[in-house]
Every structure is written in structure tokens, then in C-alpha cells.
Amino acid sequence: MEFKGDSVVAEDSRHGYFMKQALLMGEKALQSGETPVGCVLVHNDQIVGFGMNDTNRSMNGTRHAEFIAIAEMLQSYPRSALQSTDLYVTVEPCVMCASALKQYRIRSVYFGCANDRFGGTGGVLSLHSDSSIDPPYPVYGGLFEKEAIMLLRRFYIQENEKGKS
Numbered sequence: 001m002e003f004k005g006d007s008v009v010a011e012d013s014r015h016g017y018f019m020k021q022a023l024l025m026g027e028k029a030l031q032s033g034e035t036p037v038g039c040v041l042v043h044n045d046q047i048v049g050f051g052m053n054d055t056n057r058s059m060n061g062t063r064h065a066e067f068i069a070i071a072e073m074l075q076s077y078p079r080s081a082l083q084s085t086d087l088y089v090t091v092e093p094c095v096m097c098a099s100a101l102k103q104y105r106i107r108s109v110y111f112g113c114a115n116d117r118f119g120g121t122g123g124v125l126s127l128h129s130d131s132s133i134d135p136p137y138p139v140y141g142g143l144f145e146k147e148a149i150m151l152l153r154r155f156y157i158q159e160n161e162k163g164k165s
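Going by full-length UniProt numbering, the letters in the sequence shown line up with residues 1 to 165, in that order.
Spelled out as C-alpha cells, the structure:
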């Protein structure tokens with residue numbers, strides 16, 4: 001896993017813009033009572049898919065931001081377009097999502113904060129770099145890391161407050 005932090009990659013206004021859009025989706029998830037993970041899919045410098053976690057409302061553990069964004073993109077683009085598409089996501093993709101991204105042959109992944117419990121791109125497992133299955137994809141972590149962490153903190157503080165009632 002390659003960590004660029006807020007220096008090289010985040011200074012690039014293109015990456016910064018797309019990551020901020022993912023953070024806005026994470027904020028929207030938080031306001032909806034979901035774990036605040038948001039993402040965007042970018043193809044030819046255009047956002048072609050938006051996603052935010054929807055596991056609580058849907059009561060479906062597979063409704064992660066990445067899957068929602070991919071489903072939206074696939075309404076207008078062929079599956080093969082994912083090979084030239086980048087994912088910007090607030091939290092490192094979990095093992096399930098990292099595996100799916102590999103099968104879809106996503107071009108690259110940029111994320112905010114690491115996922116120490118379920119991360120599939122270096123946090124726990126490194127599914128993205130296993131060349132024995134499908135071609136590896138590059139991963140860049142630490143973009144707007146503080147903002148991504150703060151979204152998660154706000155969610156867990158909110159959850160703790162609900163538990164006190």
C-alpha cells in the first residue's frame with residue numbers, strides 16, 4: 001500500500017476535488033444514520049457513480065458505498081469501463097469490497113483513512129496486490145485522512161449518545 005498522505009496526491013487539485021466529493025457522500029451517510037463511508041467513481045475525469053453506505057436502512061450488509069457506486073455506474077457504462085475508472089473512498093475498502101474491485105479490475109483506489117479491522121487493501125489483507133488471482137491495482141491511502149477519521153468519530157460519538165438513553 002502506498003501512502004501519499006496530504007502531500008503529493010492531495011495537493012493535486014484533481015484528486016482533492018474527487019476526494020472531497022467522497023467526503024460529502026460520507027457526510028450524507030452520517031446524516032442518514034449510516035456508517036459514514038462515501039465514495040465516487042471517476043471515469044475520464046468525470047464522476048460516473050456516487051455511493052454511500054446503506055446497510056442500516058436496507059438491513060443488507062452488502063450495501064457498501066463501493067457497490068452502490070458501481071451499480072450506478074453500470075446503469076450507463078459497460079462493465080469493461082471499470083478498467084479505466086478510479087475509486088475515491090473515505091475509508092479503505094473492506095475485504096469484501098477490495099475483492100470485488102479486483103474482480104471488476106478497477107484501475108486504482110484512493111482512500112482517506114485505513115480500516116484496521118476489515119481493510120482489504122493493506123489494513124488487514126492485501127487483496128489488491130495478489131497477482132495470482134487478477135491483475136493488481138494500485139492503492140493510495142491517507143488523502144484527507146483527518147477529515148475521514150473525523151466523520152467516523154462523529155458517527156461513533158452519535159451512536160454512544162443513543163446508547164445512553
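For each residue, glycine too, the CB sits at the ideal point set by N, CA and C. Keep in mind it's a predicted model, so treat the numbers as computed, not measured.
Selection G38, S58, M59 evaluated against I70 yields G38 as nearest (Cα-Cα). For F111, the enclosing beta strand (DSSP E) stretches over residues 108-113. Remark: C-beta atoms of Y137 and K102 approach each other more closely than 8 Å.
Beta bridge pairing from DSSP links L41 with G49, L87.
Classified as exposed, T62 has fewer than 16 neighbouring CB atoms from the shown chains inside 10 Å of its CB. Under the three-state reduction of DSSP output, G119 falls in the strand class.
In the DSSP assignment, G61 falls outside any beta strand (DSSP E), carrying neither H nor E.
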